[in-house]
Structures are given as structure tokens and as C-alpha cells.
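Report on the following structure.
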Ligand code: FES
Ligand code: FES
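Protein chains in written order, with our numbering: chain A, 1 to 714; chain B, 1001 to 1153.
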């Protein structure tokens, strides 16, 4: 069972006490069936009741809500309390949010990856708000001697029309706190939402704009030492010997310790450690192939033709379809490795004490950190606390716990509280990249331009399955074969915002564009026809919602005035990923012979939009990320060592390079399906297809900037 | 090691560090002023931007020995109550996503607007393109600078 740790409880109780705490409600994110329960302040303070979230209503009307998921910039610390406040009919100005620093052994949805936090919690948050409202209404009904059903609520106030009575929530908070919560609570009709769907500003804006210590890197502890670690300089190396005498003699250095293949320089300040690391003398030996980018290209070609492929999906008779085809279209697409580059580099604090372990820092997977710490130190997991800080971006990188594990090792070895800090160079060269992948697409058209056969082979380096075999166009083509080959490498990879689809979507949507052109059809009509087919006579199982996909395509076409703008080259793209549907139109204009990406029009179906302001930014940010990495992102290797190590060699998109992004949400009343990732995948395709219209050159490899079409253009 | 006397946010500080230590790390590790962020250490991202006698500088490449008598302003000292027009505009436009780059963005914008109170959009983009935002909040940063400019005078 999950619980809030002591610090969170303390933070919560402080605010609740100041508000003259009356009603306390404990509820859980991790158990859909358990109803919220009325608890008392003493129980929360003592930690004798186990919930991962609480809300309190004070006699001064202040409502305090704990948001338990780690905040990495996806806005849930604002969006979650909004959901509670909606069902509670609370006045948002009176709502305060506390970040829960969770500390539990098995918290089901503590991870913020996969756009899953919001859909996961939707129902539970609503129930918590509705329960609190029910209790207040019943407390008022008892005191006023009127039926509860006649009491209405709005803006943190209770009203009884017939008697003219009214009161603020604070007045009945204490009485409500003495009632028992119902186990079966009725939720609002979604059409009557007032707060949900509005633009609400991020609750942390002020703290961010004034430089408050919110992030992992900002965590300092009295007597804490710093550690900068030298990891093997090439993927495939292992540590042979270390001469640390010179480093140890540098000012401020306390110790140099070695664990696994790492050498940690431990000292009194970040700068001193960084300088001392430069004078370490380390010898490595080869433990695996030291691969270069040229090797990868050769491996791709070889495995594409000769690799033993795992079949991911098969429908109909592909061989026959291609044999009987009037036209066959074939193209290959390739993407490089990418570092995540969150602006806050990896860092973590650990204190291995005599009686247990304290961990503090920016991680999306505290459980992994805890389990690893237990293994290293021998302490049972109950003796290990993890406090989560705000995180300066994640993009998938903070789903790994390697940096937390390092901190545990170092603290254990030097017997002191230690903060491990990665420099930008460490962060960029430290691995767990977006895997490099090459795709080969083949399509068979009959004489009417109908797609009768489709083949996709993905070859990836440490990619797992680089296809998403059930995504579009699967289901819309009778004869289809999707398979994949994986090459194992010493270069480490991991989830990167919208794993696999971050590249697959662009490749597939660009290829579909090629096929539409070969078929002599409009790209939008071509996609719609395929979807019609998936609806009327599906080939095999269809695992996406065809109608929702059609709806975003139509909305994007309408909002972009598709095909009707003079002097504007438009490219279309649509993708279903991470439970949401997004269509995008890229618009390129040629100015003085130079094609420039001006606009992206996005149509988004992520179900009910909770916070309009936050959601709008999620989409814009996702598009900017997708466009930026497609245009510029490139990580290459020489003998196992990355060629790029900082933002001078690795190019991130800047303000002068962004298109305008015009966002339209589909309003369909479906439960929210998350927005941290789905806007990114279609972006590359919209851009590539628009550039094609302008230049007649396909962009088949990322980064686009290195493609022939961009020669002489920067 | 040497003792450096610094004037930061109109207060006197001193730090006993090596002279080549970047101001950024003195602020963070020695003086507890952690609002100034580390992003790259090589003057590429702008997360570490502070004001030196009112001008925006990258504190990650500024050795503490080069600060001398210059007055340093960090995000913590930009305004007393967090109500500098740029800070207010950042809230009004709801700029921050993860928030990590924003102290640097705000410091860059504040110094820029002091020099150019009525900038054109092009000038804003020119001034702000040195600051990276990995979350891609550029549209709103641009908008917030406009809002701040419209409210300053
Ligand atoms: S940390 Fe100074 S510019 Fe990036
Ligand atoms: S808001 Fe995250 S880096 Fe700018």
C-alpha cells in the first residue's frame, strides 16, 4: 500500500492547521475500488492511516490538496487538483496544492511516463471531490434541518434556496469531518463542468519565477559532499585501472572511490570535483565492440536484407498481393540515436546511514531506486525512503534509476551524505538514448490506386520491437506484414518521449504520403479512404478508434483550409499514440528561394481537456520538440564514443527556428487520455511532407538538416 | 583558495574559493543562491543568466575572480516580492512547463527590456534565442516578453 512520507504529511498538516483544519479526507490513486475516507488530523500526522493523498477543508475556507505524482513539467500538479475542485464545486482561488513526496513500496502509477498519469487518476480524483462535497452538504442539511437534496453548491458555498440559507464551506468543515463518507458516490454530469476545460495557471509559477529551490539540483544538505563521476568514455569499455593520486591531492577533494566501471571524485564543491576529475588517470579495456556510426549503417543494411526477423503482424497473403500489383513503392527511412537533454542534468542525493538510507532527487521511478538501494546496502526496503523533487524535464530519461544507484554506491563507500551531479557532458554522453532505427516500407497498389499490400520491416539498435504493429495502417490493408530485427549493442538505449513512435510516426506518415502520390490521390482523401476500409471491412483486429482518427483528420483539414492556400505548401500527418489522436498540417513557404516552415496546425483528441492553458502548451511543446529533433537532432559515434557532448555540438531548436503552432481540441466528452507525448509523433511527418511539396525532395533521414534538400540552407 | 567579497542582490557576501570557480557554482554551492541554474556550463543555454551591473551575463563561464566590484543580481534579487514586470508577465502568460530554464529566461528578458523597453517582435526573438528551453515554451516566452514590455511604461 502506498503512503505519503513524513515530509509531505508535515507540509500538508502545516497548511491544513493554518487553515483551521476541519474536514480531512484520505483517498488513493492506487486503488479504484476503495472509497475516500474521513480521517482525523492526528491519524495523518502519525502516519497511522495509509493514503497517498489527502484533502482538507479549513474553517477559513482554504482547501488543501496533495498531488502525489512527480511533476516533470506535464502540469499534473495543477490539473489533478482541478479535477478534485470541479466535483467539489470549489472556488479555485481558495485551493492550495502540496506536492506529495511519495514514499511507498508499491505505488502503481507513480511513474509519469507514457502520458498515463491523468487517465489513470481521473475517476479517483473526481470521487474524492464529490465525496467531500457530499459530506459538506449533509452537514449543512442536518444543521439547517432541510433535505440534503435541496442544497446546492457553487464557488465553495452552500445554498438552500427555499429557506434563503447559505454558508461557506469552512463553516461546515468541522461538522462534515464527523460524518462517515459514503462508499458509493454519484459524479457530476460532464456537461456541467465549470472549472475543467478552463485555463488555469500553473500553481508553481511564482516559485519558478522567483528562483525557489524546487529541483533536485537545488537540494543541499548540511555536511553534504559532492560527487562527479567518470564513467567509461566509450560504450564497450570496462575499467582496468585507476590512478587517483593527483586527483586526491587537488583542493577540496575528500576521496576518490571506485565501483563497477565508475570512478567517483568526492569533494566539497561541484567545481572542485569537476577539476579533480580531469586529472584522473584511468585505463580501460575492451569488453564489447566499439561501434561507430558507419558500423551502424552497415549493420542496418545487412540486417534489413539478411536478418532473422520476428513477425509482429500478418494479414492476408502479402506475397500474392505484391506479385499481382500494378505498382510497388518502396522507401527506407532512418533516424539516429538521441540524448534526452532535459535541461536539468541527472543528479541525486543519497545518505546511507547506520540505520537506513535516505534518497532525494528527481526520479520518475522511486521504486526502482529503492529496490536497487536495498540490494546494494542490504537494508530492507522499509528502511529506505525516497523523496521526489520537482524535475527539470524528463523526456524518458528519469525513468531510469542509474543516477540514484550511483549516489547510493558513493554514499556507502564514503560513509557520508552525497550528491551525485552529472555535468552536461556526462548527461549527453551517458547513454540510455533513443535507439537508432531504419525502416523499410513497401506498398503494393492495384490498377485503381488502392493499397492492396503493405510491408514494414524495422531494424533497430537495442530498440526492442521498433514497430507498433497494430497502429494505422494495420487494419486498413488486406495483405500486410510487419516484422523487425534487433541488433544488440553496448550503446545503451531507453524510452525517449513517445518511445518508438517519436520516429516511426514520421517515417510511416511520410511513406503514406509517397504512396498517395503514386496512387494519384490527395493525401487526406487517401488516408480517409483507408480508414473507411478499416471500419467497413477490417483486415484483422483494429486496435485504434477509427472514428476518432477520422475526426482529427477532418478537423485538421478544415482548420488548415487544406489544399486551398495559395503559395503555401502543406503537408499532412496523423497519428494515434499513447491513447490520443493527433493530426497535423505543416505549412512551408518559399521565401527568396528558401523553404521555411511557418505553421503547424494541430487537431487533438485527448478526450476531455482538463486545463486548457496547460494542454495547449503540452501540444505546442510537443510539436516544437518533434520539429526540433527531426530537423537538428543527431548523435553519432566514433569507436563507441559519442561525437556530441554538449549543446555546441548537439543542436536543440531555438526560438528563432520555431513555427507558429495553432492548436484545436476535439470536444467529445471522452475521459482524458493524456497529452505528454501524443503531439510529438506526427510533427516530423507534417514537416517532411510540407517540405516535399515545396522542394519535390523527400526527407527520409533524420536529422533533416543533413539531407540533400537542405544543402546550402541552415 | 582566496576570499572573494561579492555584492549580490544588494547584500555583501564572501566566499573562500579558487579564483577560477565560475560565479554560478559560487552562488549555488557556497552561497545557497540556487535560483541560478546549471544547464551546460559552456555559455550555450542561458540557464545560468545573472545581471552584472545590470547586464545579462552567463555565470557558468564567469570566474569569480573576474566579478570584482560589479553588482550581481540573481533571480532571487530581481524584485523584492517577485513582482518585477517580467516575473508578473511570466505568470500571466503561464509560461513555465518544467520551469528549469525560466529563471535564466526571465533574467535575460529583464536585462533586454531595460535596454529596449519597446522592442519589436524580431528584436525579442533575437534577444531570447540564446536561451534554450527543452520543453519548448518559446511561444509563451515571446508572448510574455511582449506583455512585460507593454506594462513597463
Ligand atoms: S549553464 Fe551557463 S549558459 Fe548554460
Ligand atoms: S520550461 Fe522546461 S526547459 Fe524551459
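C-beta atoms are modelled at their ideal positions from N, C-alpha and C, and glycine is treated no differently.
Neighbour flag for residue 1121 (chain B) against chain A, beta carbons, 8 Å: False, the Cβ-Cβ gap to chain A never drops below 8 Å.
Candidates A:169, A:148, A:172, of which the one nearest residue 162 (chain A) by Cα: The shortest Cα separation from residue 162 (chain A) among A:169, A:148, A:172 belongs to A:148.
Cross-strand partners of residue 1163 (chain B) (DSSP beta bridge): Limits of chain B in this structure are 1001 at one end and 1153 at the other, which puts residue 1163 (chain B) out of reach.
Quiz: which residues have CB nearer than 6 Å to ligand 1 non-hydrogen atoms: B:1038, B:1039, B:1040, B:1041, B:1043, B:1044, B:1045, B:1046, B:1047, B:1048, B:1058, B:1060
Runs of beta strand (DSSP E) lying entirely within the segment 180-260 of chain A, each at least 3 residues, in chain order: 225-230, 237-243, 253-259
Validate contact between the segment 645-653 of chain A and the segment 573-593 of chain A using beta carbons, cut 8 Å, 3 pairs: Counting C-beta pairs closer than 8 Å gives fewer than three between the segment 645-653 of chain A and the segment 573-593 of chain A, which falls short of the contact rule.
Listed by chain order, chain A residues near residue 1022 (chain B) by CB distance under 9 Å: 271
Proximal residues, the segment 432-463 of chain A versus chain B, C-beta separation under 9 Å: none
DSSP-derived helix/strand/coil call for residue 1038 (chain B): coil
Residue 112 (chain A) burial status per 10 Å Cβ neighbour count (16 or more: buried): Below a pLDDT of 50, predicted positions are generally treated as unreliable, and residue 112 (chain A), at 45, falls in that range; no measurement from the model is reported.
Interface partners of residue 134 (chain A) on chain B, CB under 7 Å: Residues of chain B passing the Cβ test: none, with the nearest at roughly 32 Å.
Quiz: which residues have CB nearer than 6 Å to ligand 2 non-hydrogen atoms: A:73, A:343, A:393, B:1096, B:1097, B:1098, B:1099, B:1100, B:1101, B:1102, B:1133, B:1134, B:1135, B:1137
is_contact[residue 420 (chain A), chain B] using C-beta, thresh 8 Å: Put simply, the CB of residue 420 (chain A) is far from chain B, with every gap to its CB atoms at 8 Å or more.
Within-8 Å CB hit, residue 1108 (chain B) to chain A: no
Cβ distance (whole Å) where residue 573 (chain A) is taken to contact residue 509 (chain A) below 8 Å: 4 Å
Under 9 Å (Cβ pairs) to chain B, residues found in the segment 650-680 of chain A: 652, 653, 654, 655, 656, 657, 658, 660, 661
Opposing strand residues paired with residue 664 (chain A) [DSSP bridges]: A:603
Stretch-stretch touch, CB-based, cutoff 8 Å, three pairs: the segment 271-278 of chain A with the segment 237-253 of chain A: yes
Cut-off 7 Å between Cβ atoms - residues of its own chain near residue 36 (chain A), not counting five sequence neighbours on either side: Counting only Cβ-Cβ distances below 7 Å, and skipping sequence neighbours, we find 25, 26, 27, 127, 128, 131, 181.
Contact list for residue 356 (chain A) against chain B, beta-carbon separation under 7 Å: For residue 356 (chain A), there are no C-beta contacts with chain B under 7 Å, since the nearest C-beta of that chain is about 27 Å from it.
Beta-carbon contacts of residue 392 (chain A) that lie in its chain and below 6 Å, excluding the five residues immediately before and after: 215, 342, 343, 344
Range covered by the beta strand (DSSP E) that runs through residue 577 (chain A): 569-577
Minimum Cβ-Cβ distance from residue 1080 (chain B) to chain A less than 8 Å: no
N-terminal and C-terminal residue of the alpha helix (DSSP H) that residue 304 (chain A) is part of: 293-306
Rounded Cβ spacing between residue 585 (chain A) and residue 686 (chain A) (contact assumed at less than 8 Å): 6 Å
Helix, strand or coil at residue 280 (chain A) according to DSSP, with G and I counted as helix: coil
Chain-ordered chain A contacts of residue 1132 (chain B) [CB-CB under 8 Å]: 343, 647, 652, 654
Neighbour flag for residue 338 (chain A) against chain B, beta carbons, 8 Å: Chain B contact via Cβ: absent.
Residue-level contact to chain B via CB, residue 704 (chain A), 8 Å cutoff: no
Beta-carbon spacing of residue 18 (chain A), residue 41 (chain A) below 8 Å: no
Three-state secondary structure (DSSP) of residue 1079 (chain B): In the structure shown, residue 1079 (chain B) falls within a coil segment according to DSSP collapsed to helix, strand and coil.
Same chain only: Cβ atoms within 7 Å of residue 1087 (chain B), ignoring 5 sequence neighbours per side: Answer for residue 1087 (chain B): 1078, 1079, 1106, listed in chain order.
The beta strand (DSSP E) enclosing residue 351 (chain A), as first and last residue numbers: 347-352
Three-state class that DSSP yields for residue 11 (chain A) in the structure shown: helix
Residue(s) in a DSSP beta bridge with residue 580 (chain A): A:577
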